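Numbering (the UniProt record's numbering), first residue to last: 1 to 950.
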Amino acid sequence: MDNTPVRITMVSFNCKSIKRSVNHIRSLCKDADIIALQETWLLPHDLHFMNGIHEDFASFAKSSVDTSAGVLRGRPFGGLSIMWRKSLFTRVSVVDCTSDRLAAVRIEFGQRQFLVINTYMPTDSIENLPDFTDILASIYAIIDDSDTEVTYVLGDFNSHPGETFCDELVTFCDDQQMVCADFSYLGIESDSYTFLSDAHGTTRWLDHCITTKAAYDTILSIKINYDVQWSDHLPLYVYCSWQGTVNKQYVNNSCDNTNKIRWGTRNLEQINEYGHYCNSKLIQLKNKIDLDYCDTVIKPKDCIIRCNVCLDVKCRCNLYLIDNLYTELISILQEGAILSFKSQHDAQKKRRYVPGWNYHVQSSHQVARMHYRHWLECGRPRSGPSYDLMCTSRRNFKNKLKWCQSNEDKIKMDILAVSRKSKNFSQFWTATKKMSHRSSVPVSVDKCDSPSEIAQLFADHFKVNPLPTKSVESVPDTESRSDQPNISFTSKEIALVVRNMVRGKSPGIDGLSVEHILYAGDHIYTVLSALFNRCIANGYLPEQLMKTVVVPVPKNKTGDLSSISNYRPISLGTILGKVLERLLQPELVGQLRIDDSQFGFRPGLSTDSAILALKHTVKYYTERETTVYACFLDLSRAFDLVNYNLLWRKLYEANVNSQVVDLLRYWYGNQTNHIRWGDTMSSEYRLECGVRQGGLTSPDLFNLYVNDLIVELRSTRIGCHIGDVYINNLSYADDMVLLSPSIEGLRRLLDTCARYAEAHGLRYNEKKTEMMVFRSGKGPERVLPLFLRGAPVRVVETFRYLGHVLTSDLRDDADLERERRALAVRCNMLARRFARCTEQVKVTLFRAYCQSFYTCQLWLNYTKRAYSTLRVQYNDAFRILLKHPRFCSASGMFAEAGVPDFFAIMRSRVAGFWDRVRSSSNTILQVVSDDLNGPFFRHWLAVHRGGNVK
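1. When the Cα of S802 is compared with those of K398, G508, D608, I188, which residue comes out closest?
2. Check whether the Cβ atoms of L713 and L746 lie closer than 8 angstroms to each other.
3. Below 6 angstroms CB to CB, which residues in the same chain sit around E401 once its five sequence neighbours on both sides are set aside?
4. DSSP three-state label for Q284, please.
5. Indicate whether the contact test is met: 3 or more Cβ pairs, each with one atom in the region 663-671 and one in the region 685-705, closer than 8 angstroms.
6. Within this structure, are the beta carbons of L333 and E273 separated by less than 8 angstroms?
7. Determine the burial state of N308: buried for a count of at least 16 other Cβ atoms within 10 Å of its Cβ, exposed for fewer.
8. Could you tell me whether the Cβ atoms of A215 and V150 are closer together than 8 angstroms?
9. Taking Cβ positions, are Q851 and I924 nearer each other than 8 angstroms?
10. Classify I126 as buried or exposed, calling it buried when 16 or more other Cβ atoms lie within 10 Å of its own Cβ.
11. Specify, as a first and last residue, the run of the alpha helix (DSSP H) that V116 falls within.
12. Taking the alpha-carbon positions, what's the G78 to L102 distance?
13. Between L881, K864, A835, which has its C-alpha nearest A824's C-alpha?
14. Please go through the same chain and pick out, in chain order, the residues whose beta-carbon is closer than 6 angstroms to the beta-carbon of L512, but skip the five residues on each side of it.
15. Need the endpoints of the beta strand (DSSP E) that K16 sits in, please.
16. In terms of residues, what are the limits of the alpha helix (DSSP H) holding E839?
17. Going by DSSP, what residue range makes up the alpha helix (DSSP H) through K19?
18. Using the C-alpha atoms, what's the distance from Y239 back to T9?
19. Assuming S444 and S562 form a contact by the criterion Cβ under 8 angstroms, report the distance between their Cβ atoms to the nearest whole angstrom.
20. Looking only at DSSP bridge pairs, what is W677 linked to?
21. Measuring CB to CB, does Y193 end up less than 8 angstroms from S221?
22. Out of A822, L646, E758, V783, state which residue places its alpha-carbon closest to the alpha-carbon of P130.
23. For K767, does the three-state DSSP call read helix, strand or coil?
24. Spell out a yes or no on whether the region 517-529 and the region 175-189 are touching, meaning 3 or more CB-CB pairs, one atom from each, closer than 8 angstroms.
25. Are the region 109-122 and the region 23-38 in contact at 8 angstroms, needing three or more beta carbon pairs?
26. Can you say whether Q598 is buried or exposed, counting buried as having 16 or more other CB atoms within 10 angstroms of its CB?
27. Would you mind sorting G384 into buried or exposed? The rule is 16 or more other CB atoms within 10 Å of its CB.
28. Going by DSSP, name the residue or residues bridged to R568.
29. Throw me the rounded Cβ distance for the F878 and M893 pair, which I believe falls under 8 angstroms.
30. Going by DSSP in three states, W242 sits in which element: helix, strand or coil?
31. Please report the Cβ distance between S231 and N14, rounded to the nearest whole angstrom; I am assuming they are in contact, meaning their Cβ atoms lie under 8 angstroms.
32. Opposite D156 in the DSSP bridges: which residues?
33. Measuring straight from C-alpha to C-alpha, what distance separates T123 and N158?
34. Roughly how many angstroms lie between the CA atoms of N358 and A368, to the nearest whole one?
35. Does the Cβ-Cβ distance between K86 and D56 come in under 8 angstroms?
36. With C-beta atoms as the reference, is L531 less than 8 angstroms away from I743?
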């Protein structure tokens with residue numbers, strides 16, 4: 001297929017009865033290429049009828065009518081059908097849908113594939129809302145499971161603008177980054193309609209098309225055909241433009257899994273072989289350090305006496321020895337990994353991994369090989385006992401292999417069950433993550449086709465140029481800070497850090513991970529101590545240690561994967577760099593004094609702590625009949641715009657050990673990044689500003705960089721305060737909210753932020769900065785305008801702060817609805833992906849993914865209906881996952897499975913959070929915990945007493 005754009009027409013039509021609408025459907029076939037039909041009388045024995053409607057079309061149909069129930073009465077929900085033009089779409093496969101209200105097909109068009117999902121929703125009523133949400137969640141689960149970014153969902157949604165189902169549909173699309181395409185093209189406020197009541201003559205807009213963002217980009221137009229009266233519904237037309245050869249997909253953007261250096265999964269024999277090799281080599285290296293490197297670190301001023309070539313500020317002899325030591329150490333670890341890999345895997349590296357091989361196939365394979373060799377020794381006879389044994393054993397082996405390949409999913413589920421039963425949770429979660437689909441990436445990105453061009457494109461995109469700042473004095477010479485103690489790390493300290501590191505992480509450019517250090521023997525910690533101490537004393541790091549691999553990862557996998565703006569960088573550093581950074585972090589953090597208004601990356605604090613501080617402060621004022629003005633600031637690429645000269649100055653003023661500062665300055669000044677796209681690396685580029693992405697110390701450095709702004713805001717003594725504690729600003733990393741009981745006070749706080757950002761090379765995004773007014777009673781009718789960089793700040797009634805939905809009236813119904821929709825999505829994704837797991841495995845997954853209830857302890861004011869609907873959704877989630885009957889006893893099924901019910905989880909979350917608040921040393925949280933008559937304490941007390949609704 002060439003690059004000529006191809007126009008594709010899709011139609012959604014509720015035909016009421018297929019048999020009575022045959023001629024109408026044939027009329028649709030003249031113009032349409034894909035037809036999604038919904039109807040009320042599609043019986044099981046009528047399914048074959050669909051293929052005979054039009055000779056140019058093939059179809060898939062499913063009936064939902066239960067004929068065993070006896071005589072059908074009324075207007076039952078009948079079924080669904082999808083038809084497609086055979087000449088245009090030659091490769092179409094049916095996608096399994098557990099819901100009777102969904103039908104889906106996967107269509108391969110040229111070198112790209114897309115999904116078409118047909119749905120017929122229940123009627124719009126509050127009783128059917130959980131079913132409606134579950135079907136939407138099932139749709140998203142199908143999309144997620146298919147790993148296809150282009151999806152069109154057509155059908156009768158029974159969602160009229162302004163009513164419950166439509167509000168749910170629009171919100172769901174926003175949450176899952178999907179688009180209600182017909183609303184976007186025709187306008188949700190327009191007079192469009194797709195249903196005309198035969199009885200009353202009223203019109204409603206019930207049929208819709210929702211898409212992923214990548215699919216939305218292919219749509220040219222959408223229209224409703226008002227010229228036909230075939231049914232009480234009208235056909236909805238969707239016109240798309242496709243190119244046949246765009247974006248051929250390949251599976252993942254990770255490094256080659258056959259790399260012998262990578263640790264992967266290794267058995268005990270391999271680990272012992274690796275450890276024996278490394279241990280013997282490390283003993284030699286340790287002895288070499290004792291003889292050639294000397295225990296005493298050579299200072300530059302001493303080196304001039306001992307060596308005439310070392311006349312630089314830093315001793316070149318020391319740097320040369322450090323480079324050699326690092327190179328020899330890395331070579332030992334890499335060679336040991338290669339040797340232990342080769343002895344076990346060379347015979348299997350060309351054979352595809354087959355789940356269940358060891359348990360089901362290996363013995364029969366060995367028998368088949370034995371009889372095959374015996375047959376060869378007998379001269380390859382064509383008959384006789386040796387020939388019969390060879391054929392029988394081979395047939396037995398192939399049958400078992402074929403069974404394993406056909407039942408791959410079941411075997412994987414059995415592995416999960418065995419891990420769960422043996423309480424090997426490490427293996428359980430490893431196997432669970434492997435079952436998750438990885439997003440595929442396109443060969444073409446922003447019209448670049450070759451991997452090297454794409455890699456370089458990302459390198460140019462991710463590199464950030466610093467914004468201008470005021471001139472900064474250079475940091476004084478570190479010799480003037482000689483009163484500070486020298487830093488050094490013992491082998492025991494390094495061993496403790498390494499053993500506490502998380503295993504199974506992706507390696508850096510050298511292919512090494514924490515497992516390589518753990519299993520190399522105890523002598524490696526002595527070598528690392530010698531290496532790190534010399535690096536710190538000389539303020540120097542080997543070039544290879546500072547190399548970082550940057551992997552572009554899609555932000556939204558259902559978005560346009562060929563757009564560079566849909567990617568974010570993930571950095572993979574070297575393992576020794578990670579270990580060194582973990583050792584340095586206590587030395588850095590121990591000297592930093594971060595203001596209590598900063599909740600990000602602080603021990604014992606989290607997003608819910610910041611949200612609690614915000615809601616408690618606002619509630620404190622509104623209960624005293626005072627309006628609160630809040631401005632939610634958005635910093636553009638804040639972590640990437642940190643100015644280095646200012647950062648080093650702040651570290652110096654914070655009295656951080658000069659050796660740590662020197663090492664960080666050298667690290668940031670000499671780190672090189674490479675973009676990896678597939679198996680290709682871009683040319684290297686350096687950081688000119690911004691903290692290291694993925695660095696362990698990066699959050700602490702950023703907190704220090706913006707800390708002076710927080711201190712300055714609180715020192716103004718403008719804005720909200722409770723007692724002597726000013727709470728006029730709250731931050732979680734780069735997310736800041738300003739609070740003031742007056743608009744003039746908020747304006748002065750905002751001006752302070754603008755001046756600080758300009759002086760520090762930061763930039764606020766005026767388009768994403770928004771203001772909310774928490775009124776006391778009626779509050780002011782008119783809000784004076786607020787400006788940021790000359791642009792007015794938009795006033796909103798709803799804002800999602802750190803994932804929690806805030807409303808101007810401080811009601812929590814919207815946040816309960818957010819969590820209810822999220823719960824439905826998580827549950828349906830689990831039910832689809834782990835349908836064949838044992839009940840024990842499903843219960844473990846349910847506990848992990850369906851009991852989080854983010855910020856539930858902060859729900860203060862909500863209606864009984866919203867709270868009850870979430871509880872019902874929780875109960876239904878457990879029923880769906882374990883396939884229990886819809887109306888079985890909730891308390892009975894939870895008790896039988898040993899799973900806490902909804903109210904028990906709420907009590908547990910509230911108790912745990914209250915304990916954290918009471919034990920926190922944060923002055924703002926202490927204000928909350930000391931207010932025993934405050935709204936949150938009263939609510940938490942009511943939850944434990946059984947009063948759940950305010």
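Even for Gly, the Cβ is constructed at its ideal location relative to N, Cα and C.
No experiment lies behind these values; they were computed from the predicted model shown.
The relevant details are as follows:
1. Counted from its first residue, the sequence shown places residue 802 at position 802. With the sequence shown as reference, residue 802 is identified as Leu, and Ser is not the correct amino acid for it. Per the Cα distances, D608.
2. The sequence position of residue 713 within the sequence shown is 713, counting from 1. The sequence position of residue 746 within the sequence shown is 746, counting from 1. Going by C-beta atoms, L713 is not nearer than 8 angstroms to L746.
3. Looking up residue 401 in the sequence shown gives position 401. At residue 401 the sequence reads Leu, which differs from the Glu that was named. Excluding positions up to five away in sequence, the list reads V361.
4. Here the question's residue 284 lines up with position 284 in the sequence shown. Three-state result, Q284: helix.
5. yes
6. Walking along the sequence shown from the start, residue 333 turns up at place 333. Walking along the sequence shown from the start, residue 273 turns up at place 273. No. Outside cutoff.
7. Numbered from its first residue, the sequence shown carries residue 308 at position 308. Residue confidence for N308 is low, a pLDDT of 37 falling below 50, so the modelled location carries little weight; the figure read from the coordinates is stated next. Under this definition N308 is an exposed residue.
8. Along the sequence shown, one-based indexing puts residue 215 at 215. Along the sequence shown, one-based indexing puts residue 150 at 150. Contact flag set, yes.
9. Locating residue 851 in the sequence shown gives position 851, where the first residue counts as 1. Locating residue 924 in the sequence shown gives position 924, where the first residue counts as 1. No, the pair does not count as a contact, with Cβ atoms beyond the cut-off.
10. The count along the sequence shown starts at 1 and reaches residue 126 at position 126. Exposed.
11. Counting from 1 along the sequence shown, the entry for residue 116 is found at position 116. No alpha helix (DSSP H) holds V116; the beta strand (DSSP E) holding it covers 112-120.
12. Here residue 78 is taken as the residue at index 78 of the sequence shown, counted from 1. Here residue 102 is taken as the residue at index 102 of the sequence shown, counted from 1. G78 and L102: Cα-Cα distance of roughly 12 angstroms.
13. Along the sequence shown, read from residue 1 onward, the residue named residue 824 stands at position 824. Of the candidates L881, K864, A835, the one whose C-alpha sits nearest the C-alpha of A824 is L881.
14. The residue labelled residue 512 in the question sits at position 512 within the sequence shown. In chain order, L333, I575 place their CB closer than 6 angstroms to the CB of L512, counting only its own chain and leaving out the 5 sequence neighbours on each side.
15. Counting from 1 along the sequence shown, the entry for residue 16 is found at position 16. Per DSSP, K16 belongs to the beta strand (DSSP E) from 5-16.
16. As a working note, residue 839 is residue 839 in the sequence shown. Counting along the chain, the alpha helix (DSSP H) containing E839 begins and ends at 839-849.
17. The residue you call residue 19 lines up with position 19 of the sequence shown. Neither: K19 is in no alpha helix (DSSP H) and is coded neither H nor E.
18. Working through the sequence shown from its first residue, we reach residue 9 at position 9. Working through the sequence shown from its first residue, we reach residue 239 at position 239. For T9 and Y239, the distance between alpha carbons rounds to 5 angstroms.
19. For the purposes of this step, residue 444 is taken as residue 444 along the sequence shown, with counting starting at 1. For the purposes of this step, residue 562 is taken as residue 562 along the sequence shown, with counting starting at 1. Right, the Cβ-Cβ distance comes to about 5 angstroms (below 8 angstroms), so this counts as a contact.
20. Translated into the one-based positions of the sequence shown, residue 677 becomes position 677. In the DSSP output, where bridge partners are listed per residue, W677 has T680.
21. Here residue 193 refers to the residue found at position 193 of the sequence shown. Here residue 221 refers to the residue found at position 221 of the sequence shown. Not closer than 8 angstroms, so no.
22. For the purposes of this step, residue 130 is taken as residue 130 along the sequence shown, with counting starting at 1. The shortest Cα separation from P130 among A822, L646, E758, V783 belongs to A822.
23. In the sequence shown, residue 767 corresponds to position 767, counting from 1. Residue state, collapsed to three classes: coil.
24. no
25. yes
26. Residue mapping note: residue 598 aligns to position 598 of the sequence shown, counting from 1. Buried, because 16 or more other Cβ atoms sit within 10 Å of the Cβ of Q598.
27. As a position in the sequence shown, residue 384 is number 384, starting the count at 1. Exposed, because fewer than 16 other Cβ atoms sit within 10 Å of the Cβ of G384.
28. Counting from 1 along the sequence shown, the entry for residue 568 is found at position 568. For R568, which the question treats as bridged, DSSP gives the partners V553.
29. Reading the sequence shown from its first residue, position 878 is the one you call residue 878. Reading the sequence shown from its first residue, position 893 is the one you call residue 893. About 6 angstroms separates the two Cβ atoms, so the contact holds.
30. Within the sequence shown, the letter at position 242 stands for residue 242. Reduced to three states, the DSSP call for W242 is strand.
31. Here the question's residue 231 lines up with position 231 in the sequence shown. Here the question's residue 14 lines up with position 14 in the sequence shown. Right, their Cβ atoms sit about 6 angstroms apart.
32. Here residue 156 corresponds to residue number 156 of the sequence shown, with the count starting at 1. D156 is bridged to Y120, D207.
33. Within the sequence shown, the letter at position 123 stands for residue 123. Within the sequence shown, the letter at position 158 stands for residue 158. C-alpha separation (whole angstroms): 6 angstroms.
34. Taking the first residue of the sequence shown as 1, we reach residue 358 at position 358. Taking the first residue of the sequence shown as 1, we reach residue 368 at position 368. Spanning the two alpha carbons is a distance of roughly 15 angstroms.
35. Locating residue 86 in the sequence shown gives position 86, counting from the first residue. Locating residue 56 in the sequence shown gives position 56, counting from the first residue. Cβ atoms of K86 and D56: closer than 8 angstroms.
36. Within the sequence shown, residue 531 is the residue found at index 531, counting from 1. Within the sequence shown, residue 743 is the residue found at index 743, counting from 1. No.
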